[in-house]
Amino acid sequence: AELSRQESSLLKSLGLSAKPSPKSAVPVPPVLWRMFQRRKTQPRPQEEPDSCRVEEFNVPGNIVRVFADQGRFLPEGQPRGRLCLRKLLFFNLSALEEGERLTMAQLELQFHHNSYQPPGPGQVLELRLYPASPRGPPQPGRRPLLERSFVRMHKSLLFELSAALKDGKVPGGDLALVLEISAGDGGSPRSPCAGSDALAATSLLAVTLGRRCRARRRR
Amino acid sequence: SSAPSPAVSPSPLCKPRRLYISFSDVGWENWIIAPQGYLANYCGGDCPFPLAAELNSTNHAVLQTMVHSLDPRGTPQPCCVPVRLSPISILYYDNSDNVVLRHYEDMVVDECGCR
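Note that the protein sequences, when read in sequence, are chains A and B. Be aware that the first sequence starts at 1, since it is given in the numbering used here, and climbs by one per residue. Be aware that the second sequence starts at 1001, since it is given in the numbering used here, and climbs by one per residue.
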């Protein structure tokens, strides 16, 4: 009992309410592994680095998480027109501890293969991101959180959500969005959606400022 | 685990001493991905009169050692404490199986001093 009391007080000082008991050992996202290695190998400067700042993104923060998308593909609905893909993105953010402040959120779309095809007409795609409403797909005319044209050339694409989410005041619970990818202008009539079907995975990288860092910054 | 007792007698003066924290020793290896342990160190040793310059001490500590040498029972020696620490980063799984990278400040003792 004494040991577990000591353990829980140590966990609390590490900002954890209880000892995590992971169900499965998911692979470590490369971006986190690179950040960890960089900190481990960088020479210890005389001046202590600000451990309440994530230099890689130049934002305040001391906790970086990658949330896997738990959503599913939605029917494109009729008429299909230029809409290629509609997907519900669902991120369980319940892991955010009380008092953590979100300082950056980045959505990553990973595609199956790394193709450096020259951007042919069919390649230009448009991405729209809507807040998911319990009443299903976004109503027409509803303003998207994010709207981008992109050429699918790389294995993964990153989209900044920070500004959009700050208004949304991400609840500690979860984050649900609807992702729509449609054929851009000038797409080839034969295969307007070429390349959109290669979407392999989506994940959300979130940087937060823990309570201890926030208190320190106030001081 | 601290350093095994060295052949030569350890310096009695205040300085960082080796302390290795092994997460697997405390059964945390199933949720901490990396590191599996790290050198935390601690400060140990005396702050005797006259306080040598390398003991990184304050004027007050110099004064206190003088008073202590005149009146050992009345005033204790200054304490040997960390004066410079550095952070570490820990990669771990949280309860929702997300991978978390977290930076913790003041986790490694780099320098000790008399205070």
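Beta carbons: idealized from backbone N, C-alpha and C, even for Gly.
Counting along the chain, E1111 (chain B) sits inside the beta strand (DSSP E) bounded by residues 1099 to 1114. V1100, L1101, R1102, H1103, Y1104, E1105, D1110: these are the residues of the segment 1100 to 1111 of chain B whose beta carbon lies less than 8 angstroms from some beta carbon of chain A, given in chain order. Residues G1045 of the same chain have their beta carbon placed closer than 8 angstroms to that of S1011 (chain B), with the five preceding and five following residues left out of the count. In terms of Cβ geometry, T208 (chain A) and I63 (chain A) form a close pair [threshold 8 angstroms]. For N58 (chain A), not one C-beta of chain B is nearer than 8 angstroms to its own C-beta. Interface annotation, D1094 (chain B): in contact with chain A, CB-CB separation under 8 angstroms.
Around the beta-carbon of R142 (chain A), fewer than 16 other beta-carbon atoms lie within 10 Å, marking it exposed. Distance between R211 (chain A) and L10 (chain A), taken at the CA atoms: about 16 angstroms. Against chain A, a Cβ distance below 7 angstroms from I1033 (chain B) picks out V28. A Cβ of chain A is located within less than 8 angstroms of the beta carbon of S1089 (chain B). A residue is called buried once 16 or more other Cβ atoms fall within 10 Å of its Cβ, and F73 (chain A), having fewer, is exposed. If you draw a 10 Å sphere on the C-beta of N1059 (chain B), you find fewer than 16 other C-beta atoms in it, and that means exposed.
The beta carbon of F159 (chain A) does not come within 8 angstroms of any beta carbon belonging to chain B, so the residue lies off that interface.
Residue pairing from DSSP places P1082 (chain B) in a beta bridge opposite B:C1112.
Residue nearest to R148 (chain A) within the set A:R5, A:D174, A:A183 is A:A183 (criterion: CA-CA distance). Comparing alpha carbon positions, the residue from B:Q1064, B:R1084, B:V1081 closest to T1075 (chain B) is B:Q1064. Taking each of A:A18, A:L93, A:V54 in turn and checking the Cα distance to R38 (chain A), the smallest one comes out for A:V54. Comparing alpha-carbon positions, the option among B:R1017, B:S1001, B:L1013, B:Y1093 lying closest to D1110 (chain B) turns out to be B:R1017.
Counting along the chain, S182 (chain A) sits inside the beta strand (DSSP E) bounded by residues 174 to 183. The beta-carbon of P131 (chain A) is placed no less than 8 angstroms from the nearest beta-carbon of chain B. M104 (chain A) is bridged by DSSP to A:V207. Our two residues, G71 (chain A) and A176 (chain A), have alpha carbons roughly 8 angstroms apart in a direct line. For D1025 (chain B), not one C-beta of chain A is nearer than 8 angstroms to its own C-beta. Here S1089 (chain B) carries a strand assignment [DSSP, helix/strand/coil].
Inclusion of L146 (chain A) and L129 (chain A) in the CB contact set at 8 angstroms is warranted, their separation being smaller than that value.
Cβ neighbours of S1069 (chain B) within its own chain (closer than 7 angstroms, five residues either side excluded): F1049. DSSP lists no beta-bridge partner residue for S21 (chain A). Between the alpha carbons of L85 (chain A) and A105 (chain A) lies a distance of about 23 angstroms.
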